[in-house]
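If you're matching positions, the sequence shown starts at 576 in this note's numbering and goes up one per residue.
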Amino acid sequence: MNVEFMQAFEQLGKEKGIAPEILFDAIEAALISAYKRNFGGTAQNVRVMLDRQTGEIHVYTRKEVVTAVDDHRLQMDLEEARQFDVRYEVGDIVEIEVTPKNFGRIAAQTAKQVVVQRIREAERGIIFEEFSSRESDIVTGIVQRIEQKNVYIDLGKAEAILSPSEQIPGEIYKHGDRLKTYIIEVKKTTKGPQIIVSRTHPGLLKRLFELEVPEIHDGIVEIKSVAREPGLRSKIAVYTKDENVDPVGACVGHKGMRVQTIVNELKGEKIDIVKWNSDVAKYVANALSPAKVVSVEVNEIDKITEVIVPDYQLSLAIGKEGQNARLAAKLTGWKIDIKSESQVTPEEE
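As structure tokens, then:
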């Protein structure tokens, strides 16, 4: 290999973020294998030296000096060793150059393969680091293909997988669709990083609000809790220490524009934004929005709340198939038992 060849390797290594020394060490290791494979030295102890400046390659077989030789490929007696240098003693290692005449061509080919492989590994490593640091964040990509119900999304430098369990029920994905997804995990595989994304994770809703509402991004308004039934309905609880800011209003936006943008992104998923409160009774009452609540009894020991609502609000408080009550319980972390006023105080006969 000539000087230009070596300089090209070094430059390529720097551009791809690989230390040249790592590259050269890898080439030397690959050249040892190439020598053993092509020149029948599989059992030999071989060392390859690649001159970093000139690109010259030297192959040496290494033999231990012993009193009695068992294996001529690995050992040499003292008398033979001292023909090379009179200072050799038993236990020393003698190196004899065995560089084949046509080894340069094999070396160049091997070096090229190693460099390509190392660059590929380095690029995969860079992509892995980039996306693993973005776990729990939103990425935007384009639907490339759908195989066995898995949706493969092109993220530019990498491909993400949206598995059936992470897809919003009823949502249809087509080739070329632009899609926002939430990174839940990045795995290292032999084929490069595998990016697992979700459309159903509560974190997607949270990050969408953080991106859409400046007050959340700036830390003025805080999202305390999120509960989702993907594709159907969600609830988020928000809070602020700033008395001059309405946390619910900030999330809804002027004429509902902010929340509508998120609803559109989630293909029509309904979103209830409620005010978080350290008082459990008030928080549970807010969580049952849009239903109006008469009273809330809190059982701290069993972590159960008994909620009384007007008769005409009962079905609204419970929601379709119990959805509103279920989401409120998930949002607050409290079990919620809902009763109407007439169930608590039946009319006298």
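Beta carbons: idealized from backbone N, C-alpha and C, even for Gly. Note that the structure is predicted; figures quoted are calculated from it, not measured.
Item                                                                                              : Value
Where D652 sits in the DSSP three-state scheme                                                    : strand
Assigned exposure category for F659 - 16 Cβ within 10 Å defines buried                            : exposed
Any non-hydrogen atom of the ligand MN within 7 Å of V882 CB                                      : Of the ligands one can find in the structure shown there are none, so the ligand MN has no counterpart to examine.
Spatial distance of E704 from L587 (CA atoms)                                                     : 20 Å
Of the listed residues G897, K910, K905 and D886, nearest to Q918 (C-alpha basis)                 : D886
Cβ-based burial, K732 [other Cβ within 10 Å; buried from 16]                                      : exposed
Under the three-state DSSP convention, the category Q582 falls into                               : helix
Own chain residues within Cβ distance below 8 Å of E785, not counting five before or after        : I791, H792 and I798
E710 vs E760 beta-carbon contact at 8 Å                                                           : yes
Nearest candidate by alpha-carbon position, reference E872, set S864, Y858 and A866               : Y858
Selected residue, minimal CA-CA separation from S773, among I811, G806, T765 and K766             : G806
Nearest-angstrom Cα separation, counted from L783 out to E916                                     : 39 Å
Residue environment, T815, which counts as buried when at least 16 other CB atoms sit within 10 Å : buried
Option in D877, L653, I883 and K878 with minimal Cα separation from K867                          : I883
DSSP state of V661 mapped onto helix, strand, coil                                                : coil
Runs of alpha helix (DSSP H) wholly within the stretch 765–826 (minimum 4 residues, chain order)  : 777–787 and 789–792
Where Y748 falls: helix, strand or coil (DSSP)                                                    : coil
Whether I837 touches I846 by CB criterion (8 Å)                                                   : yes
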